[in-house]
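Note that our numbering has the sequence shown beginning at 361, numbered continuously upward.
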Amino acid sequence: MAQYEVTLRDYWRVLRRRKGIVIFTAFLLGFFSFLISFIWKPQPLFQARAKVQINEHQNLTGLYLQTLAYNSGDAIETQQTIITSHPVLKRTATSLEMLSWTRTAGDTAIVLNDLTGRIETSQEGYTNIIVIAATDIVPERARDMANGLARVYRDYNHEQTNQQAVRHREFVEQRRADARTALENAEDEVRTYREESDLISLESQASVNLQGITESERESQRLTADLSAVSTMVTEMEKNESLSDETLQGVSIQRVGATFMGLSRQLNGLKLQRDGLLVKYTKDHPNVRQIQVQIDQLGKDLMGELRQRRLALSRDLATERNRLSELRKQYHLLPASGLELARLQREQAMRQEVARVLEESYQQALIREADKVEEVTVLEWALMPAVAVNPHHPLQRAIMGVLLGLVLGIVFAVVAETLDTSIGTIEDVQEYAGTQVIGIVPFINVDEVRASLQRRGVDVSDERTVQRKAQLVAYFDPQSTLAETYRTLRTNIEFVTVEKGVKCFMVTSSMHQEGKSTTIANLSMTMAQLGKRTLLVDCDLRKPSVARFFGLDKEPGVTEVVVGNYKWQDVVRTVTDIVTGGMGMADILQTQGISNLHIITSGSIPPNPAELLNSHRMEEFLDELREAYDVILIDTPPILHVTDAAILGKKLDGALMIYKAGDVARTSLKRSTTLLRSVDIELLGVVLNGIRAEMSSDYQDLGYDAYYAYGSEEATLERTIQQRAQDWSRLFKKRLGIGDVESLPRSDWEEEEEETPREAANEEEEGDVQPLRRLLTYGVFLVILAGGLWQGGAWTWVTGAIQGAPVEATSSRALETVVVERVGSKVGTPPVVVEPAVIAPLVVAEPPPTAEVNPHIVLCDRPFSVRVASYPPGSRWATATLQALRDRGEPAFFSPVQVRGERYNRLLVGRWESWDTAYREARRLQAGGALKDFNILSLPYAVAGIDGDVAWREYTTSADAELAGAFETRQEASLLINPAGQ
């Protein structure tokens, strides 16, 4: 298969081709989601939320725990796991009297598992605050579970933390004593080994040894060089009885010694005297001979001196080499002793470090034991929820079902496209079949043909007439796009037949109902319109159809000619027979060149079609036809069903293969082309039939209604809703395997022939894909049903009541004693819309100077404000959030606050007289998406006397406000007046 990159256009093509699966899945899942959610209304669940703060390392004991503990994970996640652990949950269940009815361990496990499913923990942002959420069908019980779990967890953490300190001190104390003993033993081992091996320091010993080896190697190299030079001089004197001047010039006193150098100078002096006497005298002169005797004696002395020097150098070299060998042996023995000493020293250092760490840990453990750690603080107690967390929204679930159905539909469409074994693209056909595609015939829709005929004023009441006109579109609708495709096919065949000299060829297919007879009928008419004498021969002697297309009688025909009952000239049908057969004179007159078309029908159906086509009389019949006609087109049975096409193809010039893309497996096309080549039949090419525009990007412009007639007034055809609905109906029936719906349905005037055994076998092979389609269909329905149940909440676990003691409602007085900072939760009171004040433009400024105004602290009558968040000074995010709230018309402002010695800016909204009013306003903002979480704070103090100064505007609710900031105490309010005092 050809391999190419998948683009978005290819995915869009797949969706268009399989759009029925996508829309059907989305509709079905959405419908079932709505239906199930409407029928099965979930039981309302209420959720209460409490918050605990993890105050890690807030004292010396906590700091000690930080250095002591090995923490490879997230501390907050660890605490969340502890909260939902069975020990904590069991204490909580006991405090809430949930275990009063239990009798066995199994009953207790049931209660704890049920309680585990009701509790959820989460981290609030990036803080060290854990939110404990309890869910129940009773609001009071949800609140009690959240508060009870927070209280039990706080006590449990306090107990475990302080008990751990005592146990840890005892453990460290024991380990400290053991470490001291081990350190003393290690020190004794190091001292003993040094005394026994006489090894003080490994580094110094190795340094001395290496220095000796280096010096010995250097001395050995020098002695070797001197010995080599002296040996060379001895050899030269033994050979020449003297040394050359060049040799003497390179000799040093260190190499040959002072004696040799002195004798050498004497010898040189005597040679000079001899040379001076030889100027005046001959060699036999007494003075010359006397000097010569001295020269000879000095030469012997030099030889003796050199030999002695060579002997001395040899002895020195041997001695130095022995010394070098000894040094190397000592060096090789050194690592073993050094390694043992190093190991003992490492052991000593490690034990010393362990002893030091344990000593520090012991001192810290003593400090921790004397201190008590409070790591967990209940920041906010849970309030009784008023609104369920699982509101019933059938429409929302239906929308979710549709969206999920679209996703699943796309997946199913891709799977169906992947499982489709047919070939869609031209490149795939050419690659797989090994031949060229010479024509493309679009899908023929009878309804579109009927609509086209109605627009042209043709009577479409007779179904037989409509079907015939749809099949012979090249004759009845020659200006349509479909007819143009047949003319394009004719042109391509002309090029192929001219190159290969083809005059008589057959048209066949792999399977039945691939449209070969329709194609050859239209192709023969387009051939005749070129002015060529064209003959259409129906050699499909098993299920002939050419006679039916043209309204002719089957007999007499090919069978009678081959048998010898008729001459072929007597059975040829001409335009006269076509007119009398039902075509109509008006249509004949409208079609140019139809008189050039002759037809020979199949004749009677013989009992032995293959033997008849393989007879010698058939060859003579074809030879006579070649002489009489320019083009001969022969319709044959499918090549995989029977052997007729293979037998007849040997007698013809070539074969044209029809392939119905998208319906017939590609293996059938491969077997057909292989079979044709195996019997040496010239394959002219492949014609793709029944092509839909959504099958591939190659066919985007194909279709009966792509354009009606180029250049005509009716440029496009608009399809009605009814026609599209019929297309959808056919698409569903075909894809889901409900029934085989053909583009051209059979009519009551079609003749049905009994299928041969080979045809039945091939149809069974072709139908093997139906179980796969049905299996895919059942899978789609199961997934849709499961998705509908899930979307409808049928599988949602509904928390029931735990058997136990009855729930006691908390009094209103108990609710009033809760801390001031209460988290907003859903209540039944509708929000009250407050007319927003005029908001001043945001001016980011430094704290206001005290020289221009006279600010002072006052107690205001509207103490309640909505706290949005707290930010560090200069935060751009804080400024952006403040401006966003002011743009919405909300009275937002900053108020400084000091937390643990550091200054922060609280972002507050409004000032109200009561907590309830502030809460309603906060809920209004939360419902409008202006904020997510909030707190209602009681901040009665503010700064007055600002006189509308612009420098104070980020601390005021509006441009003309007289108060700046909101504080809990006077000391906090002084931060705004005197920032340096912090």
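Beta carbons are placed, not taken as given, at the ideal position from N, Cα and C, and that holds for glycine. On a predicted model such as this, the values are computed, not experimentally measured, just so you know.
As assigned by DSSP and simplified to three states, the class of residue i
i	result
Ala-742	coil
Glu-1322	coil
Leu-368	helix
Leu-375	helix
Glu-437	helix
Ala-1302	strand
Asp-496	strand
Trp-928	helix
Trp-343	Nothing can be reported for residue 343, as the shown portion of the chain is limited to 361 through 1342.
His-692	helix
Asn-852	helix
Ser-964	coil
Arg-527	helix
Gly-794	coil
Tyr-1067	Residue confidence is low: Tyr-1067 scores 36 on pLDDT, short of 50, so the model does not pin down where it sits. Its coordinate-derived value is still stated next. The answer is coil: DSSP assigns Tyr-1067 none of H, G, I, E or B.
Gln-1344	Outside the modelled stretch of the chain, which goes from 361 to 1342, sits residue 1344, for which no answer is possible.
Ser-1334	helix
Gln-712	helix
Asn-750	coil
Gly-380	helix
Asp-644	coil
Gly-390	helix
His-518	helix
Residues that DSSP places opposite residue i in a beta bridge
i	result
Lys-411	Val-491, Glu-740
Gly-467	One detail in the question is off: residue 467 reads as Asp in this sequence, not Gly. Per DSSP, none; premise fails for Asp-467.
His-1216	Ala-1304
Arg-933	Ile-959
Thr-894	Leu-957, Val-991
Phe-406	Asp-496
Lys-1020	Asn-1049
Phe-1327	Tyr-1301
Run of the beta strand (DSSP E) containing residue i, from where it starts to where it stops
i	result
Arg-1262	The sequence as given places Glu at residue 1262; Arg does not occur at that position. Taken as a continuous stretch (DSSP letters only), the beta strand (DSSP E) holding Glu-1262 covers 1262-1272.
Asn-1049	1043-1051
Phe-1254	1252-1259
Met-866	864-869
Ser-1230	1224-1231
Ser-482	479-483
Pro-802	797-802
The alpha helix (DSSP H) enclosing residue i, as first and last residue numbers
i	result
Val-923	918-923
Arg-634	618-640
Pro-447	446-455
Phe-910	906-910
Ala-881	876-888
Arg-757	754-779
Ala-1238	1236-1247
Ser-1032	1026-1038
Gln-839	Per DSSP, Gln-839 belongs to no alpha helix (DSSP H) and is neither H nor E.
Asp-1276	1275-1287
Nearest-angstrom Cβ-Cβ length linking residue i and residue j, presumed shorter than 8 Å
i	j	result
Lys-876	Asp-1040	21 Å between Cβ atoms; not a contact.
Ile-999	Leu-1036	7 Å
Val-412	Ile-479	That belief does not hold up - the Cβ atoms of Val-412 and Ile-479 are roughly 13 Å apart, past 8 Å.
Val-594	Leu-638	So it is not a contact: roughly 29 Å between Cβ atoms.
Thr-961	Ala-907	4 Å
Pro-1278	Gly-1288	Looking at the sequence provided, one finds Ala at residue 1278 rather than Pro. Contact flag wrong, Cβ pair sits at about 16 Å.
Phe-865	Leu-1044	6 Å
Leu-1048	Ile-800	5 Å
Beta carbon proximity, residue i to chain D, threshold 8 Å
i	result
Asp-1276	This model lacks chain D altogether, as it is built from one protein chain only.
Residue i beta carbon near the ligand HEM (any heavy atom closer than 7 Å)
i	result
Lys-401	As presented, the structure is devoid of all ligands, the ligand HEM included, so that no description of it is given.
* To do: Please go through the segment 967-1018 and give each complete alpha helix (DSSP H) segment of 4 or more residues, from N-terminal end onward.
  => Qualifying alpha helix (DSSP H) stretches, in chain order: 969-973, 976-988, 1004-1009.
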